[in-house]
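Below is one structure; the comments refer to it alone.
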Amino acid sequence: MNTLIERCARSQPGRLYAFGTALAAALAPLVDLVARVYVAHVFWLSGLTKLNDWHITLALFADEYKVPILPPALAAVMSTTGEIGFSILLVIGLAGRFSAAGLFVINAVALISYHASLDAAGVKDHLLWGTILAFLVVHGVGAISADGWLGRKLGR
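According to my numbering, the sequence shown is numbered sequentially starting from -17.
Here it is, written out as structure tokens:
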């Protein structure tokens, strides 16, 4: 006896839906990897720029960026270390949610600290990066990652 659900599943739209769902499931780990690499690349380059012109970085944190609470030199060190370190971890996918959360905080502080000097495109960039990072924090970094490998090895 065929139920309505069984008949719908065998229908053309039902098969198309099943194919789309299977395709999305198969591509999800690759999409997670691309999202991680994209956003990590942005912060990696920013961190390297700060590191390569350290005297300018210190001057910017002292005069231009209005980071709340922290002394400018400490904010510069924390920002640069976080951008480089969390980017590496995010690409590898090790401590992925923690790394994405760290970059999310750096991104939020950057947006708040020099929002007035950003044009509309700059604000949109920060919002895009924040959205991707929030997705990675909530969703996880995916199967193609050190976290995914460790989870499979440990049976989680």
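From the three backbone atoms N, C-alpha and C, an ideal C-beta is built for every residue, glycine too.
>> Report the start-end ranges of each alpha helix (DSSP H) in the region -14 to 64 that is 4 residues or longer and not cut off at the edges.
In response: -14 to -8, -6 to 34 and 36 to 45
> In angstroms, rounded to a whole number, what distance separates the CA positions of His23 and Tyr(-1)?
Replying inline: 35 Å
> On the three-pair Cβ rule with 8 Å, is the region 11 to 28 touching the region 112 to 122?
Replying inline: yes
> Using DSSP with H/G/I as helix, E/B as strand and the rest coil, what is Ser127?
Replying inline: coil
> Based on Cα-Cα distance, which residue from Ala8, Arg18, Leu27 and His37 lies nearest to Phe80?
Replying inline: Arg18
> Under 8 Å between the Cβ atoms of Gly29 and Ile66?
Replying inline: yes
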